[in-house]
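Working notes, beginning with the structure itself.
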Amino acid sequence: MPGMPPEFPETPDLPDTETPETTNPVPPRREFLKNAALFTGTVALLGGGLEVLTRRPGALAEGEPGELLAQARRPLGPYDTSEAVTPYAQATTYNNFYEFGTGKDDPARLAGSLRTRPWTVIIDGEVKKPVKVDIDTLQSWFPLEDRIYRMRCVEGWSMVMPWLGFPLAALLRRVEPNSHAKYVKFTALDDPKQFPGQRSSVLDWPYVEGLRLDEALHPLTFMAVGLQGRVLPNQNGAPLRLVVPWKYGFKSIKSVVRITLTREQPKTTWALAAPDEYGFYANVNPAVPHPRWSQATERRIGELRRRPTLPFNGYAEQVAHLYKGMDLRRFF
Ligand code: MTE
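The sequence shown maps to residues 1 to 332 in the UniProt record's numbering.
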């Protein structure tokens, strides 16, 4: 709200009973189907499976047996982290989604008011083939992939999330950016009838985020439509959300209705609300403290001790080249 310093709320510790050290990853259903077809007992696949089983000893304790079997057989992809997946129950009840309110439990409590069908997405701006498309048609354009990514919130907590979706690059190539396209602007739904939090002016609505075009085209940059093999829950950004794993979580905008290619750097919600605290780039950087707290460590949801935060959230090898020559303290 104007005049008041916008800030993320405190992040209270979750009760330990809900945060077992060994988690029970439920695998993507689609991956199960794919792997069921692929499962020919090859050494490579078995090797991958054994790795998963030994890495996640608790995996057989809970969940649907078929799915867990598939998880055991699922080889990790080149973009996946092997770290333990955050339990679904926590990933879907401890959320930031200010359109529903500023409390961590507001999104799960109130997300029933969001209608995700029908849902139209516009892709326009500096492109040769602008399009206005229904979400189900949009989804049908791309084979769904799954990616197990770390997510680091600017508040100092983190999760490991198995997303289901498609690379943003695939969508952008389809609409053919023209030579003026330099940035990509993302806009979330603006509808106070469905989003009770939008009746308060805690942020300027709609929620807007942005990326440089080369960041948007990076193979890690993902549009998610599912989580842990299920349709994306409303509280996690249904029906379509951005996922940029090397940036603080606020860049990963939920419930996207418009993607606009632009010449100029878009003005983004948190950078407008508190420019000294939240930059456009927002690359995870343990060396640059937030003005009000350190970013050197993080609390992985489900763990008791804080762990060190890694530059670019552990994706430096894949993305550091995008920022060559840039002062990452100035461009934070
Ligand atoms: N997208 C919208 N539209 N509104 C929001 O308030 N919060 C962001 C991001 N995307 C937010 C959003 C923040 S601060 C974080 S940390 C992540 O969503 C949280 O994602 P999760 O709830 O799925 O873990």
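For every residue, glycine included, the Cβ atom is placed at its ideal position computed from N, Cα and C.
Fair warning: this is a prediction, and the values are worked out from it, not measured in the lab.
For residue i, the first and last residue of its enclosing beta strand (DSSP E)
{"i": "alanine 216", "result": "It is not in any beta strand (DSSP E) - alanine 216 instead sits in the alpha helix (DSSP H) that spans 213-216."}
{"i": "isoleucine 123", "result": "120-125"}
{"i": "aspartate 134", "result": "131-134"}
{"i": "leucine 261", "result": "256-262"}
{"i": "leucine 203", "result": "Per DSSP, leucine 203 belongs to no beta strand (DSSP E) and is neither H nor E."}
{"i": "leucine 242", "result": "241-243"}
The alpha helix (DSSP H) enclosing residue i, as first and last residue numbers
{"i": "tyrosine 88", "result": "88-91"}
{"i": "glutamate 317", "result": "316-319"}
{"i": "leucine 168", "result": "168-175"}
{"i": "serine 269", "result": "Serine is not the amino acid found at residue 269; the sequence shown has threonine there. Element bounds for threonine 269: 269-273."}
{"i": "arginine 109", "result": "106-110"}
beta-carbon residue i near the ligand MTE non-hydrogen atom, thresh 7 Å
{"i": "isoleucine 253", "result": "yes"}
{"i": "phenylalanine 280", "result": "no"}
{"i": "glycine 237", "result": "yes"}
{"i": "tyrosine 98", "result": "yes"}
{"i": "alanine 188", "result": "yes"}
{"i": "phenylalanine 250", "result": "yes"}
{"i": "tyrosine 88", "result": "no"}
{"i": "methionine 151", "result": "yes"}
{"i": "asparagine 95", "result": "yes"}
{"i": "methionine 223", "result": "no"}
{"i": "methionine 159", "result": "yes"}
{"i": "tyrosine 183", "result": "no"}
{"i": "tyrosine 207", "result": "yes"}
Whether residue i touches residue j by CB criterion (8 Å)
{"i": "alanine 108", "j": "asparagine 95", "result": "yes"}
{"i": "alanine 111", "j": "asparagine 234", "result": "yes"}
{"i": "aspartate 105", "j": "threonine 93", "result": "yes"}
{"i": "leucine 272", "j": "valine 127", "result": "no"}
{"i": "isoleucine 135", "j": "alanine 188", "result": "no"}
{"i": "phenylalanine 142", "j": "phenylalanine 166", "result": "yes"}
{"i": "valine 160", "j": "glutamate 83", "result": "yes"}
{"i": "glutamate 215", "j": "leucine 322", "result": "yes"}
{"i": "leucine 144", "j": "valine 121", "result": "no"}
{"i": "phenylalanine 250", "j": "glutamate 99", "result": "no"}
{"i": "proline 162", "j": "glutamine 228", "result": "yes"}
{"i": "proline 219", "j": "tyrosine 315", "result": "no"}
{"i": "threonine 269", "j": "valine 202", "result": "no"}
{"i": "leucine 242", "j": "valine 231", "result": "no"}
{"i": "tyrosine 278", "j": "arginine 152", "result": "no"}
{"i": "residue 333", "j": "valine 225", "result": "Nothing can be reported for residue 333: it is not among the residues displayed for the chain, which extend from 1 to 332."}
{"i": "threonine 81", "j": "isoleucine 123", "result": "no"}
{"i": "glutamine 295", "j": "phenylalanine 280", "result": "no"}
{"i": "valine 184", "j": "glycine 210", "result": "yes"}
{"i": "phenylalanine 332", "j": "alanine 282", "result": "yes"}
{"i": "glutamate 298", "j": "arginine 305", "result": "no"}
{"i": "threonine 221", "j": "alanine 169", "result": "yes"}
{"i": "arginine 300", "j": "serine 113", "result": "no"}
Which residues DSSP lists as bridging residue i, in chain order
{"i": "glycine 165", "result": "Glu145, Ala224"}
{"i": "glutamate 209", "result": "Phe186"}
{"i": "asparagine 236", "result": "The partner list for asparagine 236 (beta bridge, DSSP) is empty, contrary to what the question assumes."}
{"i": "histidine 290", "result": "Trp293"}
{"i": "proline 308", "result": "Thr297"}
{"i": "tryptophan 157", "result": "Arg299"}
{"i": "arginine 230", "result": "Leu227"}
{"i": "arginine 150", "result": "Val160"}
{"i": "phenylalanine 97", "result": "Gly101"}
{"i": "lysine 247", "result": "Asn283"}
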